[in-house]
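A.B. asks: Residue numbers (the UniProt record's numbering): 1 to 115.
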Ligand SMILES: NC(=O)c1ccc[n+]([C@@H]2O[C@H](COP(=O)([O-])OP(=O)(O)OC[C@H]3O[C@@H](n4cnc5c(N)ncnc54)[C@H](OP(=O)(O)O)[C@@H]3O)[C@@H](O)[C@H]2O)c1
């Protein structure tokens, strides 16, 4: 059931829109959710893909629009810094289980979308 929900976050640190033509959404997901996406759809297009994985357990070649973070807190901190904070429209936590729970508890949570 957790995989059917998405949490969106916004706060004054992350949701700065300097140029609406250049903004994009962010999807934050666990490493297993990333791996469950068919290769041909990596990364989810037109979005910054943030993958949470613990240190040294996973190695993804760096690619455009893909960022690896070690925790939800680290991800939100990174997104609050330049250049990310200048181009982010919305942050969506797409799962799965534990990641969604962290999204629910995160500062700036503003909506839960049940699909
Ligand atoms: N129905 C849907 O729309 C939907 C949506 C999303 C997902 N799903 C399904 O859900 C399944 C995966 O869900 P899941 O809950 O088993 O796995 P998951 O949350 O996607 O990934 C778990 C992995 O994320 C990393 N992780 C978890 N918590 C972390 C934290 N606090 N800090 C840093 N890294 C953390 C760890 O990676 P490491 O082991 O690399 O450290 C962990 O093994 C997939 O089969 C996917 O298809 C379905």
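Even glycine gets a Cβ: it sits at the ideal position worked out from N, Cα and C.
Please determine whether the Cβ atom of residue 79 lies at a distance below 6 Å from any heavy atom of ligand 1.
C.D. replies: In the chain shown, the residue the question calls residue 79 occupies position 79. For ligand 1, not one heavy atom lies less than 6 Å from the Cβ of residue 79.
A.B. asks: Using CA atoms only, rank isn't needed, just tell me which of 90, 115, 98 and 42 is closest to residue 72.
C.D. replies: The residue you call residue 72 lines up with position 72 of the chain shown. It is 98 whose Cα lies nearest to the Cα of residue 72.
A.B. asks: Looking at the unbroken alpha helix (DSSP H) that takes in residue 30, where does it start and where does it end?
C.D. replies: For the purposes of this step, residue 30 is taken as residue 30 along the chain shown, with counting starting at 1. Taken as a continuous stretch (DSSP letters only), residue 30 belongs to no alpha helix (DSSP H), being part of the beta strand (DSSP E) at 24 to 30.
A.B. asks: Indicate, with yes or no, if ligand 1 has a heavy atom lying under 6 Å from the CB of residue 109.
C.D. replies: On the chain shown, residue 109 is found 109 positions in, with the first residue counted as 1. Residue 109: no, Cβ never under 6 Å from ligand 1.
A.B. asks: Go ahead and pull the three-state DSSP assignment for residue 44.
C.D. replies: Residue numbering aside, residue 44 sits at position 44 when the chain shown is read from its first letter. In this structure, residue 44 counts as coil in the three-state DSSP scheme.
A.B. asks: Got a sec? Which residues, its chain only, sit under 6 Å from residue 103 by beta carbon, not counting five neighbours each side?
C.D. replies: Mapped onto the chain shown, residue 103 falls at position 103. Hits under 6 Å: 7 and 93.
A.B. asks: For residue 8, which of helix, strand or coil comes out of DSSP?
C.D. replies: By 1-based counting over the chain shown, the position of residue 8 is 8. Reduced to three states, the DSSP call for residue 8 is strand.
A.B. asks: According to DSSP, is residue 75 helix, strand or coil?
C.D. replies: Numbered from 1 along the chain shown, position 75 holds the residue referred to as residue 75. Helix at residue 75.
A.B. asks: Look at residue 25 and residue 47 and say whether their C-beta atoms are less than 7 Å apart.
C.D. replies: The residue given as residue 25 occupies position 25 in the chain shown. The residue given as residue 47 occupies position 47 in the chain shown. Against a cut-off of 7 Å, the Cβ pair of residue 47 and residue 25 comes out as a contact.
A.B. asks: What is the DSSP secondary structure of residue 94, reduced to helix, strand or coil?
C.D. replies: By one-based count along the chain shown, residue 94 stands at place 94. Reduced to three states, the DSSP call for residue 94 is strand.
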